[in-house]
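Residue numbers (the UniProt record's numbering): 1 to 473.
Have a look at the structure below, then the notes.
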Ligand SMILES: Cc1cc2nc3c(=O)[nH]c(=O)nc-3n(C[C@H](O)[C@H](O)[C@H](O)COP(=O)(O)OP(=O)(O)OC[C@H]3O[C@@H](n4cnc5c(N)ncnc54)[C@H](O)[C@@H]3O)c2cc1C
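Rendered as structure tokens:
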């Protein structure tokens, strides 16, 4: 008995070791669980073994490099933009993006090695040229995605254009086999998958955004350093906690029809003419969000794609701990609302729902004031505890660092005028928790790491990181 317990414990430890994130010096601002490294290592090893095992000549190596590069091309043809196929497999946008990058990089290395070996073997000029063009375009595809952080939409469009160019060059480069035989069948699969994803996305967007004489509109209004975007849907959308959508605002700028921005669904309500409204909160960055923050209230036509994001069955948790920093609050309100609704319908075991939110400035609490009041009204058994940590820009001159103030009926909102200390919060909460526990994070990397450093890895504690990670201040 003791032995099996010890073994269980050891197995558990391995599981938690793999779930813990890589250190910041390795993964930077991204929170990457260790098991992802294991996935990538297995992928690299499988590629290496395919090329190397039982390989007796450089001609054979060239052929195998070409074949495996074609298989990887099929895998990247679904793109890095979230789609229904990937979302229904429960893959997060962050992991999907990293998988796309990792497979794409391997493909570029393999295609380059393949073409270098072919050149050295002195193949016919026409075949070499198209191959060199294809490999160069694949390389360019990778380089533009490395620059994507600067001008997201421009580099995304260039990335797709180079990828399509490389497919055309590959068509010329590949031996003229039948379409159903390798390697052409791989190219056909690449094109088919690419077209399928694009068409299915276009149909989803059309279904969501156009309905008879109705069009999807958005109202943008700026308040307290955030842009509130009210999306008036044409058809109702079932939204679950933590989900997000993509928004394209038409006529906003010359090329805004090319932009598709992901935003957490913050709130849903019934709007004009009984239509469902979805509200998102956007923090101004450099592009669309910054321009939107400079506009006065205006209405635009829009295209909506979503909702996306994995959902969890919330009713099973006795204790739910929700952490947010800055605009990350947009990701957590749907959790509170769904939990309170389930509780009212006697479908949730919740005994405590604690929302911890760190804000840069006190006025930011007005972003969600109205909805917090609605949630307090729903919370008839007082299981909700909202704690705000305000880092600076206090509204009253009487307030000083460390001041604590309580608001709301039954003091269910506590304002603490200092930074959040996630490690001590998690320690206290976990020592007093009741039942299965959920820890949900929509926090900047610093807070996420601090929470995960706490002793949270246990069989009855589930950790959910939302698909959106707010930036560090
Ligand atoms: C799943 C998810 C949910 C999000 N939810 C929210 C939210 O609720 N509130 C909020 O303020 N922000 C949210 N974001 C971030 C938001 O999408 C970007 O801030 C926004 O697209 C920036 O637009 P911009 O033109 O002002 O960007 P820029 O100033 O050009 O770029 C700023 C940053 O945003 C990234 N970015 C730009 N365009 C896109 C795009 N189309 N898709 C993905 N990343 C992009 C860039 O890589 C860059 O790092 C979310 C992101 C993701 C992935």
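Think of the CB as a built atom: it goes at the ideal place given N, C-alpha and C, for glycine as much as any other residue.
If you're wondering where the values come from, they're calculated on a predicted model, not measured in any experiment.
So the alpha helix (DSSP H) residue i belongs to, where does it begin and stop?
| i | result |
| --- | --- |
| residue 190 | 184-209 |
| residue 89 | It is not in any alpha helix (DSSP H) - residue 89 carries neither H nor E in the DSSP assignment. |
| residue 252 | No alpha helix (DSSP H) holds residue 252; DSSP gives it neither H nor E. |
| residue 450 | 445-453 |
| residue 114 | 93-120 |
| residue 173 | 152-173 |
| residue 336 | 329-344 |
| residue 516 | The displayed coordinates of the chain run from 1 to 473. Any statement about residue 516 would go beyond what the structure contains. |
Does the beta carbon of residue i fall short of 6 angstroms from some heavy atom of ligand 1?
| i | result |
| --- | --- |
| residue 467 | yes |
| residue 410 | no |
| residue 236 | no |
| residue 330 | yes |
| residue 240 | no |
| residue 341 | no |
| residue 261 | yes |
| residue 93 | yes |
| residue 264 | yes |
| residue 327 | yes |
| residue 257 | no |
| residue 285 | yes |
| residue 244 | yes |
| residue 361 | no |
| residue 152 | yes |
| residue 282 | yes |
Let me check one thing: in DSSP terms, what residues is residue i bridge-paired to?
| i | result |
| --- | --- |
| residue 21 | 33 |
| residue 440 | 322 and 464 |
| residue 390 | 359 |
| residue 275 | Looking at the DSSP assignment, residue 275 forms no beta bridge with any residue, so it has no partner. |
| residue 270 | 276 |
| residue 474 | Outside the shown range of the chain (1 to 473) lies residue 474, about which nothing can therefore be said. |
| residue 229 | 220 and 280 |
| residue 245 | 263 |
| residue 384 | 353 |
At a threshold of 6 angstroms, does residue i count as lining ligand 3 (C-beta to nearest heavy atom)?
| i | result |
| --- | --- |
| residue 289 | Absence of ligand 3 is noted for the structure shown, with ligand 1 being the only ligands found. |
Enumerate in chain order the residues of its own chain whose CB-to-CB distance from residue i is below 6 angstroms, with the five nearest sequence positions on each side excluded.
| i | result |
| --- | --- |
| residue 129 | none |
| residue 354 | 321 and 385 |
| residue 19 | 33 |
| residue 70 | 183 and 186 |
| residue 238 | none |
| residue 429 | 321 |
| residue 139 | 108 |
| residue 163 | 141 |
| residue 447 | 325 and 422 |
| residue 205 | 303 and 305 |
| residue 10 | Confidence is the limiting factor: at residue 10 the pLDDT is only 48, short of 50, which leaves the residue's position unreliable, though a coordinate-based value still follows. So the list is empty, once near-sequence residues are dropped. |
Kindly list the residues whose CB is nearer than 7 angstroms to the CB of residue i, restricted to its own chain and excluding five residues on each side of it in sequence; keep chain order.
| i | result |
| --- | --- |
| residue 50 | 64 and 68 |
| residue 118 | 62, 128 and 131 |
| residue 170 | 134 and 187 |
| residue 228 | 221, 279 and 281 |
| residue 330 | 264, 266, 280 and 281 |
| residue 419 | 358, 389 and 391 |
| residue 5 | Any reading at residue 5 needs caution, since the residue's pLDDT is 44, under 50, leaving its predicted position unreliable; the model's value is listed next. For residue 5, where only same-chain residues beyond five positions count, there are no Cβ hits under 7 angstroms. |
| residue 298 | 220 |
Just reading off the beta strand (DSSP E) that residue i is part of, what are its end residues?
| i | result |
| --- | --- |
| residue 307 | 298-308 |
| residue 431 | No beta strand (DSSP E) contains residue 431, which is instead part of the alpha helix (DSSP H) from 422-432. |
| residue 416 | 413-416 |
| residue 179 | No beta strand (DSSP E) contains residue 179, which DSSP labels as neither H nor E. |
| residue 405 | 404-407 |
| residue 264 | 261-264 |
Strictly under 7 angstroms for the Cβ-Cβ distance: is residue i near chain C by that measure?
| i | result |
| --- | --- |
| residue 425 | Included in the structure is just one protein chain, with no chain C present. |
Note down, in chain order, each residue of its chain lying with its Cβ closer than 8 angstroms to the Cβ of residue i, except the 5 sequence neighbours on either side.
| i | result |
| --- | --- |
| residue 318 | 349, 350, 351, 352, 433, 434, 435, 436 and 437 |
| residue 209 | 215, 216, 234, 302, 303 and 304 |
| residue 326 | 283, 358, 359, 360, 364, 444, 470, 471 and 473 |
| residue 168 | none |
| residue 153 | 255, 258, 259 and 287 |
| residue 44 | 106 |
TODO: With a floor of 3 residues, list each beta strand (DSSP E) that falls wholly inside the segment 347-376, ordered by position along the chain.
DONE: 352-359
TODO: Please specify which runs of the beta strand (DSSP E), each continuous and at least 3 residues long, are wholly inside the segment 33-59, giving them in chain order.
DONE: The qualifying runs do not exist here; there are none.
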